[in-house]
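Below: one structure, written as structure tokens.
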Amino acid sequence: MRKSPIILILVVILGVAGLSSIFIVDERERALVLQFGRVVAVKEDPGLAFKIPLIQEVVRYDDRILSIDVQPLEVTPLDDRRLVVDAFARYRISDLNQFRQAVGVGGIPVAEDRLDRILRAETREVLGSVSSRDILSSDRAALMLRIRNSAIAEARALGVTVIDVRLKATDLPQANLEATFDRMKAEREREATDERARGNEAAQRVRAQADRTVVELVSDARREAEIIRGEADAERNAIFAEAYGADPEFFEFYRSLTAYQNALQGGNSSMVLSPDSEFFNYLKSPTGRGQSAGQASE
Numbered sequence: 001m002r003k004s005p006i007i008l009i010l011v012v013i014l015g016v017a018g019l020s021s022i023f024i025v026d027e028r029e030r031a032l033v034l035q036f037g038r039v040v041a042v043k044e045d046p047g048l049a050f051k052i053p054l055i056q057e058v059v060r061y062d063d064r065i066l067s068i069d070v071q072p073l074e075v076t077p078l079d080d081r082r083l084v085v086d087a088f089a090r091y092r093i094s095d096l097n098q099f100r101q102a103v104g105v106g107g108i109p110v111a112e113d114r115l116d117r118i119l120r121a122e123t124r125e126v127l128g129s130v131s132s133r134d135i136l137s138s139d140r141a142a143l144m145l146r147i148r149n150s151a152i153a154e155a156r157a158l159g160v161t162v163i164d165v166r167l168k169a170t171d172l173p174q175a176n177l178e179a180t181f182d183r184m185k186a187e188r189e190r191e192a193t194d195e196r197a198r199g200n201e202a203a204q205r206v207r208a209q210a211d212r213t214v215v216e217l218v219s220d221a222r223r224e225a226e227i228i229r230g231e232a233d234a235e236r237n238a239i240f241a242e243a244y245g246a247d248p249e250f251f252e253f254y255r256s257l258t259a260y261q262n263a264l265q266g267g268n269s270s271m272v273l274s275p276d277s278e279f280f281n282y283l284k285s286p287t288g289r290g291q292s293a294g295q296a297s298e
């Protein structure tokens, strides 16, 4: 009876020890078995694995492709036009032993910090060997490949493999950007001024042509009017001459009536003439016919 509790305790201890000696490796990770900080086994295949309880420990690392954003950095290409480059990279832990030796207990954060420095150095070196035109053109794909290949050799000491490097953005620094915007604004203002000047010049030409056309039209109209007026006066004079030749007495009578109408119009007309003036010949004539100067005096 006294042995039953002891056996039960031993069974419990053995069960706990057995359970603690078993661990599961997920298909998305790999594991290292450490004994007193030294690597004694590498578990790369998913499934159940064993370790010695209390003596050995398991450290798990992600086996997937990981991504790291490189801190933005300024590069100076061959044409001395500074650019701010923003990039990212994808990598994978390829050698667990090497990775553990390189980063120790720091794990992925320490590895990414060192990998960031490697990528920044390689990016600055590669982009500094070309012009900004090459960086901003379609040739940047070849430049990213050069950065990746250079980073692969440097990152091998960390136990990781750099799979890809991409440049997300290549912009001008803020000071240069503002200067560029100011230069673009000044250029657009100059173009606008040129356009306005050309518009004013065209408007002046149109107005001058319109003024010239007006003068020409008015001159032509006046010339035509003078010609028509001259022809009408000539026709009128011809009619008058013909009428005068047909009946001189009637023509003289008509001209006198016209003169009376023009001279005696208005409500208070006064004329000072000699009594024997021929102007009133038809007014003094009892028959309405003109008189000679001698007849008027009698």
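If you read the sequence shown in full-length UniProt numbering, its first letter stands for residue 1, the second for the next number, and so on.
Ideal Cβ placement from N, Cα and C applies to all residues, glycine included.
It should be emphasised that the depicted structure is a prediction, and the values quoted were computed from it without experimental measurement.
Looking at residue i: is its Cβ nearer than 8 Å to the Cβ of residue j?
i, j, result
"residue 83", "residue 132", "yes"
"residue 128", "residue 76", "yes"
"residue 251", "residue 244", "yes"
"residue 61", "residue 29", "yes"
"residue 31", "residue 40", "no"
"residue 172", "residue 130", "no"
Within 10 angstroms of its Cβ, does residue i collect 16 or more other Cβ (buried), or is it exposed?
i, result
"residue 54", "exposed"
"residue 99", "buried"
"residue 248", "exposed"
"residue 319", "A question about residue 319 goes unanswered here, because the residues of the chain that appear run from 1 up to 298."
"residue 109", "exposed"
"residue 185", "exposed"
"residue 189", "exposed"
"residue 111", "buried"
"residue 206", "exposed"
Helix, strand or coil: which one does DSSP assign to residue i?
i, result
"residue 128", "coil"
"residue 22", "strand"
"residue 172", "coil"
"residue 76", "coil"
"residue 227", "helix"
"residue 5", "helix"
"residue 63", "coil"
"residue 43", "strand"
"residue 148", "helix"
Got a sec? Which residues, its chain only, sit under 7 Å from residue i by beta carbon, not counting five neighbours each side?
i, result
"residue 51", "21, 23, 33, 58"
"residue 162", "89, 91, 148, 151, 152, 155"
"residue 115", "68, 91, 155, 158, 160"
"residue 135", "77, 83, 127, 143, 170"
Enumerate in chain order the residues of its own chain whose CB-to-CB distance from residue i is below 6 Å, with the five nearest sequence positions on each side excluded.
i, result
"residue 56", "33, 35"
"residue 159", "95, 98, 99, 102"
"residue 5", "none"
"residue 240", "none"
"residue 138", "none"
"residue 124", "75"
To which residues of the same chain is residue i closer than 8 Å at the C-beta, ignoring the five residues directly before and after it?
i, result
"residue 126", "143, 146, 147, 150"
"residue 157", "98, 102"
"residue 298", "Bear in mind that the predicted position of residue 298 carries a pLDDT of just 42, short of 50, making it too unreliable to give a figure here."
"residue 198", "none"
Strictly under 8 Å for the Cβ-Cβ distance: is residue i near chain E by that measure?
i, result
"residue 213", "Looking for chain E here will not work: only one protein chain is present."
Quiz item: Would you call the region 159-171 and the region 87-97 touching, i.e. three or more CB-CB distances under 8 Å?
Solution: The region 159-171 is in contact with the region 87-97.
Exercise. May I ask you to verify whether the region 64-80 touches the region 120-129, counting CB pairs closer than 8 Å and requiring at least 3?
Key: Under the three-pair Cβ rule at 8 Å, the region 64-80 counts as touching the region 120-129.
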